[in-house]
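Participant: Numbering (the UniProt record's numbering), first residue to last: 1 to 260. Note that the Cβ used here is the ideal one computed from N, Cα and C, for glycine as well. Keep in mind it's a predicted model, so treat the numbers as computed, not measured. Quick one: this structure, given as structure tokens, is what I'll be asking you about.
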Amino acid sequence: MSQFELGPDLDKRLRDSINNEGDFLANLGFILALLNESVIAPNPLFSVEVMEHAALPIFTTESDLEIFLTDIQMPEGVIWNTVPISAFWSNLMESPIDTVTFNPKTAADVQTGNLYFFDKIKLNDFLQSHSEMMNQVMSAENEEAPFEQKSYFVPTLIGSRMYGDIIRVFPMIMAPDKKTYVPIFDNLLSLSMWYRNEELVKYFKDNDGQFRAMKLNELLHPSLGENRFGETAGIVVNPLNFDPKEDQSNMHTWEELDKL
């Protein structure tokens with residue numbers, strides 16, 4: 001019987017994120033698993049030298065830990081525990097360790113597809129930004145909020161002017177009347193239906209599109225930068241969840257929104 005109790009998803013989600021670099025849903029799945037499941041981590045924390053970085057080794061499978069332990073001389077007194085990352089994160093951030101490495105191996109080891117390095121500051125920012133976005137949109141409070149006060153997942157393309165001012169433009173989707181709308185989403189299932197439709201999202205993905213959590217007021221009147229909507233007629237909420245020929249209640253023109 002294994003001495004480590006690990007959740008069912010983290011290793012799978014890590015591999016999926018590695019194999020689909022830059023994929024929002026794959027990255028989000030990894031982050032959710034990392035925040036909700038445990039890893040195998042050393043106590044006390046220590047580092048190994050990896051590509052001129054001091055790297056903390058952590059593991060998503062017991063077999064990867066076993067491979068690692070055959071390769072290194074471990075410091076005395078180290079105990080390996082199954083813990084959530086929150087158990088050691090503040091200590092890590094205060095330490096001179098600058099990198100987190102998942103399932104480290106030597107070049108001579110069989111590579112199992114789940115080795116990855118993160119700069120700890122970038123990983124911290126990545127975890128913070130994605131968890132804040134999820135909490136903002138997926139909270140029970142937001143789910144119960146009225147349409148005009150909800151936060152939404154908004155796909156966004158970000159650029160800048162010559163002097164550094166931020167400009168945001170948005171993907172669009174065409175309705176049967178040939179008018180185009182900016183798609184926004186109030187849940188992950190609806191977002192994933194759009195994001196996995198390669199015809200709709202090719203330009204968005206090819207141009208490093210990002211998702212932001214926004215309320216309608218911020219979409220219409222951003223505190224920083226400029227949001228440009230081009231020739232679009234308005235917004236559409238969860239556009240692939242309904243037939244616009246039969247139901248247009250999720251379609252809202254800019255004129256309607258200006259009156260909110």
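1. State buried or exposed for Met174, treating a residue as buried only when at least 16 other CB atoms are found within 10 Å of its CB.
2. Quick check on Asp165: buried or exposed, where buried means 16 or more other Cβ atoms within 10 Å of its Cβ?
3. Rounding to the nearest angstrom, what Cα-Cα distance links Val182 and Gln136 in this structure?
4. Could you give the C-beta distance for Leu219 and Leu260, rounded to a whole number, given that I count them as a contact under 8 Å?
5. Would the beta-carbon of Val100 fall within 9 Å of that of Phe185?
6. On a Cα-Cα basis, can you pick out the residue from Glu5, Phe4 and Gly29 that is closest to Asp16?
7. Taking Glu148 as the reference, give the member of Glu256, Ser223, Lys120 and Val83 with the closest Cα.
8. In whole angstroms, give me the CA-to-CA distance for Arg212 and Asn114.
9. Tell me the residue span of the beta strand (DSSP E) that contains Phe153.
10. Would you grab the beta carbon distance between Leu92 and Thr60 for me? Rounded to a whole angstrom, and I think it's under 8 Å.
11. Grab me the residues of Ile72's own chain with a C-beta within less than 8 Å of its C-beta, minus the 5 sequence neighbours each way, in chain order.
Facilitator: From the atom records:
1. Here residue 174 corresponds to residue number 174 of the sequence shown, with the count starting at 1. So Met174 counts as exposed.
2. Locating residue 165 in the sequence shown gives position 165, counting from the first residue. With fewer than 16 other Cβ atoms from the protein chains shown falling within 10 Å of its own Cβ, Asp165 counts as exposed.
3. As a first step, residue 182 must be located in the sequence shown, where it is residue number 182. As a first step, residue 136 must be located in the sequence shown, where it is residue number 136. The alpha-carbon atoms of Val182 and Gln136 are separated by roughly 20 Å.
4. For the purposes of this step, residue 219 is taken as the residue at position 219 of the sequence shown. For the purposes of this step, residue 260 is taken as the residue at position 260 of the sequence shown. Contact flag wrong, Cβ pair sits at about 11 Å.
5. In the sequence shown, residue 100 corresponds to position 100, counting from 1. In the sequence shown, residue 185 corresponds to position 185, counting from 1. For the pair Val100 and Phe185, the CB atoms are not nearer than the 9 Å cut-off.
6. Taking the sequence shown and counting its residues from 1, one reaches residue 16 at position 16. Out of Glu5, Phe4 and Gly29, Gly29 has the C-alpha closest to the C-alpha of Asp16.
7. As a position in the sequence shown, residue 148 is number 148, starting the count at 1. Closest in C-alpha terms to Glu148, from the list Glu256, Ser223, Lys120 and Val83, comes Glu256.
8. For this step, residue 212 is matched to residue 212 along the sequence shown. For this step, residue 114 is matched to residue 114 along the sequence shown. Their Cα atoms are separated by approximately 28 Å.
9. Here residue 153 is taken as the residue at index 153 of the sequence shown, counted from 1. From DSSP, the beta strand (DSSP E) with Phe153 extends over Ser151 to Ser160.
10. Here residue 92 refers to the residue found at position 92 of the sequence shown. Here residue 60 refers to the residue found at position 60 of the sequence shown. Separation of the CB atoms of Leu92 and Thr60 is rounded to 17 Å, and the pair is thereby denied contact status at 8 Å.
11. Numbered from its first residue, the sequence shown carries residue 72 at position 72. Correct list, in chain order: Val48.
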